[in-house]
Amino acid sequence: MATLATALYATTDDMLKEHPDLAPWRPPVGITHRLSDAELVTLATMQAIVGYTSEATWLRRTCAHLRHLFPCLPQQPGYNKRLRKAAGLMRSVNRILATTTSVWSDDVRVVGSTPVECGRSRETVERSDLAGWAEYGYCASHSRFFRGLRLHLVCTLQGLPIAFALTRGPGRRTRDPP
Numbered sequence: 000m001a002t003l004a005t006a007l008y009a010t011t012d013d014m015l016k017e018h019p020d021l022a023p024w025r026p027p028v029g030i031t032h033r034l035s036d037a038e039l040v041t042l043a044t045m046q047a048i049v050g051y052t053s054e055a056t057w058l059r060r061t062c063a064h065l066r067h068l069f070p071c072l073p074q075q076p077g078y079n080k081r082l083r084k085a086a087g088l089m090r091s092v093n094r095i096l097a098t099t100t101s102v103w104s105d106d107v108r109v110v111g112s113t114p115v116e117c118g119r120s121r122e123t124v125e126r127s128d129l130a131g132w133a134e135y136g137y138c139a140s141h142s143r144f145f146r147g148l149r150l151h152l153v154c155t156l157q158g159l160p161i162a163f164a165l166t167r168g169p170g171r172r173t174r175d176p177p
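In numbering that gives the first Met the number 0, the protein residues as written are 0 to 177.
Below, the structure written as structure tokens:
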């Protein structure tokens, strides 16, 4: 795991040196982060590759086994806050890393979509931040009605995501929402 961390960090750090505009904006004066952007992206990418869904568990594991590589690990709330602010950076770095794989140049693509449910009841949906955007409709592939959005995904045959889009729900109403 240390070898993976080292390779990811070196690649990400070089990438951020070549493209400093990818990093989140920070004022020229003030307190600097103890964990660099390259280290943050390395940790988050490794978390996804290894398959940890819990940030707290991942940080405990990293603290126990990779402390020599990441001496200034933040607590889970700070890690989550930094990740949310670095979402654009994560997308860009992961895209650049994906283009370096042999799978990226595959000519065959698979396209699919699936419903993303935003809530079961009208009250829940109306309280949601997606209240004006989520729609009610029927999904034939899942044989059910739902309130929400649709996730459209383009992948290679090996499962590498190439592009995605989040759109309004199905829009085809065959009955009134409850």
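We treat Cβ as the ideally placed atom computed from N, Cα and C, and that holds for glycine.
Check	Outcome
Quick one: complete alpha helix (DSSP H) runs, 4+ long, within the segment 35-122?	36-49, 54-64, 75-84, 86-98
Would you check if there are 3 or more beta carbon pairs closer than 8 Å linking the segment 43-60 to the segment 1-20?	yes
Helix, strand or coil for residue 126? Go by DSSP, reduced to three states.	helix
Can you grab the Cα-Cα spacing for the pair residue 23 / residue 142, in whole Å?	42 Å
Using a Cβ-Cβ cutoff of less than 7 Å, which residues in the same chain neighbour residue 61 once the five nearest sequence positions on both sides are dropped?	42, 69, 72
Expressed to the nearest angstrom, what Euclidean distance is found between the alpha-carbon atoms of residue 112 and residue 151?	4 Å
Taking the alpha-carbon positions, what's the residue 162 to residue 153 distance?	5 Å
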